[in-house]
Amino acid sequence: MTLTQETPAPSEPVPARRRWRVGSVEVLAAVLVLVVLLRGPITRSLATPALQTWLTVFVSVLTQAMPFLVFGVVLSAIIAVFVPPSFFTRALPSHPAFAVPTASVAGVVLPGCECASVPVAGALVRRGVTPAAAFAFLLASPAVNPIVLISTAVAFPGQPQMVIARAVTSLVVACLMGWLWQAFGKGSWLRMPSRAHLEGMAKWPAFWASVRHDVLHAGGFLVIGAASAAIIAVVVPQSWLAHLAANPVLAIVALGLLAVLLSICSEADAFVAASLTQFSLTARLAFLVVGPMVDLKLFAMQAGIFGRRFALRFAPATFVVAILAAAALGPVLL
Amino acid sequence: MNKQAQAVILLLVGGAVLRASLTGQYLNYVKAGLQPYLVAAGVLLVLVGLFTLWYELRPGHRHEHEHEHEHDGHGHAHGGPKVAWLLLAPVLGLLLFAPPALGSYAAGRTGSAVTARSEYAPLPAGDPVRLTMLDYASRAIFDRGASLGERRIELTGFAMRGPQDSWLLARMMVSCCAADARPVKVALGGELPEGLADQQWLRITGKYSGRELQDQVNGEAIPFIEVSEVTLIPVPQEQYES
């Protein structure tokens, strides 16, 4: 327990009075006033059904993600501030090849949507966990946690093999991606925000600063992802899908892509998969494996937390591995 | 973005989430069970905003902080992530524009999503017996109406145009949020009142008849209900079935 006395530093002269300039608070106030004044015209221009639907889906994805984002951000702040790095070196096997599967299975304990797992994985890497293990955790936790598996069982009544196939395939993909990173990944692709300002701060101020930063940062990227997912929901009509379902190979790739584009929360995607009745079970398994690992909002958040160079390599690689794993394991397990 | 603006954004996001979750507005976007989590998240966001303001406005604290943030090389030119400005979009969406729940437009673009159940328990008591749209459609399609028999059934949903000049009763099902919404559609047979409008909410009473239509979007069956009574009702607070 460190007791810090916040003394106003007398050595650093507080500027007597800074010159007034247009700062972000003023811009913020101006934006808000402008939108309130223009509310009538904006509302009228949003009145078409397509734009209304877009706005509803956009607001819904964010409303739904907000509790999970806050939960993940608080957990990552706890990891960053209160859990000593030595904890993870003791908890995980020291050899990365073994740390990867351990971290994948540990994903079972984080009962949240994928929005929570990105900031948590970021905090793990910053806390010295092998990136390969942190990425395995990042991919596994939204796909294999108990809530997701139960909702899968509810969505596919009388087909428990779907739950098993989903858990097994997701774990396989998470481990493969961890090992792939271990073998080919380059640290230089990662561009993590430095947290120098948290060092030397008292614990609670550091905790709040970490929560504030992560909510604004990951939340901002979540907005980008939610907006693009809502565009897809409005622009791509479901009737297109029917033509793709007939070809078994095309069907798997098509549902994998659909999972990326729709960005549905992993707790709900099983219900959507269950409703895609014209597709084979293997194609629907691809939908369930890809969705929690790669989608528009996850890509935006990964780019924000780990850097764009990382996300541009990691997300496509995950997509390919997930599609191949679903295509290989689906016929065996289903 | 400086710390004070960040604090204001956090207060706005938290406030918008709290308002939506306490007024019932959230029911247009997410399932009902999420309410406690939304309230908790809203309270936490407001707290973070207040703490930020409090640390910021204490004398002698402000300048010191801005310096530390200047060079973290992550697009934070003025102490905070620029991307945070985007959080204003959902705030304005929730507070000012408050889009309605998904309705007939979205339902028309998505195929009817009825799943089979392994067994169909006898209908509960009541005349008419009130069923969810999913329950009726599932019994009608996959149980061939065996468990429906000659009973009078009451359904609630909104009206929409169907194939071949028919009227459908539809309801969206949501398991997490409106992004995963799937419609359940039931075709209305028999005498319908004049002047039915798209998106008008109805409570209907009717019987199973065995007739079916095909959904043009995904080729799934849409069962009929032969309507004996139609009541126009106001939009219910909980528009989704979950």
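If you read the protein sequences in the order shown, they are chains A and B.
Position one of the first sequence corresponds to residue 1 (the numbering used here), numbered consecutively onward.
Position one of the second sequence corresponds to residue 335 (the numbering used here), numbered consecutively onward.
Even glycine gets a Cβ: it sits at the ideal position worked out from N, Cα and C.
Model, not experiment: these values are computed from the prediction.
Exercise for review: Using DSSP bridges, identify the partner residues of B:I556.
Suggested key: B:I556 pairs with B:L547.
Point to revise | Exposed unless 16 or more other CB atoms sit within 10 angstroms - verdict on B:Q571 | key: Sixteen is the threshold: since fewer than 16 other Cβ atoms of the shown chains lie within 10 Å of the Cβ of B:Q571, the residue is exposed.
Check your understanding: With contact counted as at least three CB pairs below 8 Å, one residue from each stretch, are the segment 223 to 232 of chain A and the segment 255 to 273 of chain A in contact?
Key -> Put simply, the segment 223 to 232 of chain A touches the segment 255 to 273 of chain A. At least three CB pairs are less than 8 Å apart.
Point to revise | A:L216 and B:P415 closer than 8 Å at C-beta | key: It is a contact, given that the beta carbons lie within the stated cut-off.
Check your understanding: Checking contacts by CB at 8 Å: is A:P49 closer than that to chain B?
Key -> Interface annotation, A:P49: in contact with chain B, CB-CB separation under 8 Å.
Point to revise | Cut-off 7 Å between Cβ atoms - residues of its own chain near A:R313, not counting five sequence neighbours on either side | key: W189.
Check your understanding: DSSP on B:G283, reduced to helix/strand/coil?
Key -> Limits of chain B in this structure are 335 at one end and 576 at the other, which puts residue 283 of chain B out of reach.
Practice item. Specify whether the segment 90 to 97 of chain A and the segment 143 to 163 of chain A touch according to this definition: at least 3 beta carbon pairs, one from each stretch, less than 8 Å apart. Key: The answer is no - the segment 143 to 163 of chain A does not touch the segment 90 to 97 of chain A, with fewer than three Cβ pairs under 8 Å.
Review point. Using 8 Å as the limit for Cβ to Cβ distance, is B:D514 near chain A?
Key: Output row for B:D514: interface = yes.
Practice item. Assign B:E575 to one of two classes, buried (16 or more other C-beta atoms within 10 Å of its C-beta) or exposed (fewer than that). Key: Buried: at least 16 other Cβ atoms inside 10 Å.
Review point. Is there at least one Cβ from chain B nearer than 8 Å to A:E267's Cβ?
Key: With 8 Å as the cut-off, A:E267 counts as an interface residue toward chain B.
Review point. In angstroms, rounded to a whole number, what distance separates the CA positions of B:L536 and B:V518?
Key: Distance from the CA of B:L536 to the CA of B:V518, rounded to the nearest whole angstrom, comes to 15 Å.
Point to revise | Contact between the segment 536 to 556 of chain B and the segment 486 to 501 of chain B (3+ Cβ pairs under 8 Å) | key: Of all C-beta pairs linking the segment 536 to 556 of chain B to the segment 486 to 501 of chain B, three or more are shorter than 8 Å, placing the two stretches in contact.
Check your understanding: What residues of chain B sit near A:V70, judged by a beta carbon separation below 7 Å?
Key -> What A:V70 touches in chain B: A375, L378 and L379.
Check your understanding: How many angstroms separate the CA atom of B:R505 from the CA atom of B:G442?
Key -> Linking B:R505 to B:G442 through their CA atoms gives a straight-line distance of about 11 Å.
Check your understanding: Excluding the five sequence neighbours on either side, which residues of its own chain have a C-beta within less than 6 Å of the C-beta of B:H399, listed in chain order?
Key -> Here the model assigns B:H399 a pLDDT of 44, short of 50, so the residue's position is not dependable, and the following value carries that caveat. If we look at B:H399 and ignore the five residues flanking it on each side, it has no Cβ neighbours.
Practice item. Report the residue ranges of all alpha helix (DSSP H) runs contained in full by the segment 162 to 239 of chain A; include only those spanning at least 4 residues, in chain order. Key: For the segment 162 to 239 of chain A, whole alpha helix (DSSP H) runs of length 4 or above, ordered along the chain, are 203 to 235.
Exercise for review: Step through the CB atoms of chain B and report whether any lies within less than 8 Å of the CB of A:M177.
Suggested key: Not closer than 8 Å to any Cβ of chain B, the Cβ of A:M177 fails to qualify, so no.
Review point. What residue range is occupied by the uninterrupted alpha helix (DSSP H) comprising A:L28?
Key: Residues S24 to L37.
Check your understanding: Within the 8 Å Cβ cut-off, does B:R545 reach chain A?
Key -> With 8 Å as the cut-off, B:R545 does not count as an interface residue toward chain A.
Review point. Is the CB of A:L224 under 8 Å away from at least one CB in chain B?
Key: Here residue 224 of chain A turns out to be Ile, not Leu, going by the sequence shown. Interface residue, yes.
Point to revise | Distance between beta carbons of A:A273 and A:L296, contact taken as under 8 Å | key: Not a contact, Cβ separation roughly 18 Å.
Exercise for review: Find out if the Cβ-Cβ distance for the pair B:L547, B:G496 is shorter than 8 Å.
Suggested key: Contact: yes.
**Study point:** Euclidean distance between Cα positions of A:A226 and A:L62
**Key:** A:A226 and A:L62: Cα-Cα distance of roughly 7 Å.
**Study point:** Sequence-distant residues of the same chain with beta carbon closer than 6 Å to A:R309, five excluded per side
**Key:** Closer than 6 Å at Cβ, skipping near neighbours: W189.
Point to revise | Minimum Cβ-Cβ distance from B:Y371 to chain A less than 8 Å | key: It does; some Cβ of chain A falls within 8 Å.
Check your understanding: Considering only C-alpha positions, which residue in the set B:A447, B:T466 and B:M494 is nearest to B:P458?
Key -> Per the Cα distances, B:T466.
Check your understanding: Helix, strand or coil: which one does DSSP assign to B:M467?
Key -> Reduced to three states, the DSSP call for B:M467 is helix.
**Study point:** Test: B:L356 CB closer than 8 Å to a CB of chain A
**Key:** It does not: the Cβ of B:L356 has no partner Cβ on chain A nearer than 8 Å.
**Study point:** Where A:A246 falls, given that 16 or more other Cβ within 10 Å makes a residue buried
**Key:** A:A246 should be labelled exposed.
Practice item. Please state whether DSSP places B:H399 in a helix, a strand or coil. Key: Low confidence applies to B:H399: its pLDDT is 44, below 50, so where it sits in the model is not reliable, and the reading given next is rough at best. Here B:H399 carries a helix assignment [DSSP, helix/strand/coil].
Check your understanding: Which class does B:P517 belong to by DSSP, given the choice of helix, strand or coil?
Key -> B:P517 carries a strand assignment under DSSP once its states are collapsed to helix, strand and coil.
Practice item. Just the C-alpha distance for B:V463 and B:E488, rounded to the nearest angstrom, thanks. Key: Rounded to whole angstroms, B:V463 to B:E488 spans 6 Å at the Cα level.
Point to revise | A:C113, DSSP secondary structure in three states | key: In this structure, A:C113 counts as coil in the three-state DSSP scheme.
Review point. Secondary structure at B:Y574, three-state DSSP: helix, strand or coil?
Key: If DSSP states are grouped into helix, strand and coil, B:Y574 belongs with coil.
Practice item. Measure the CB-CB distance between A:S210 and A:A99 and report whether it falls below 8 Å. Key: The beta carbons of A:S210 and A:A99 sit no closer together than 8 Å.
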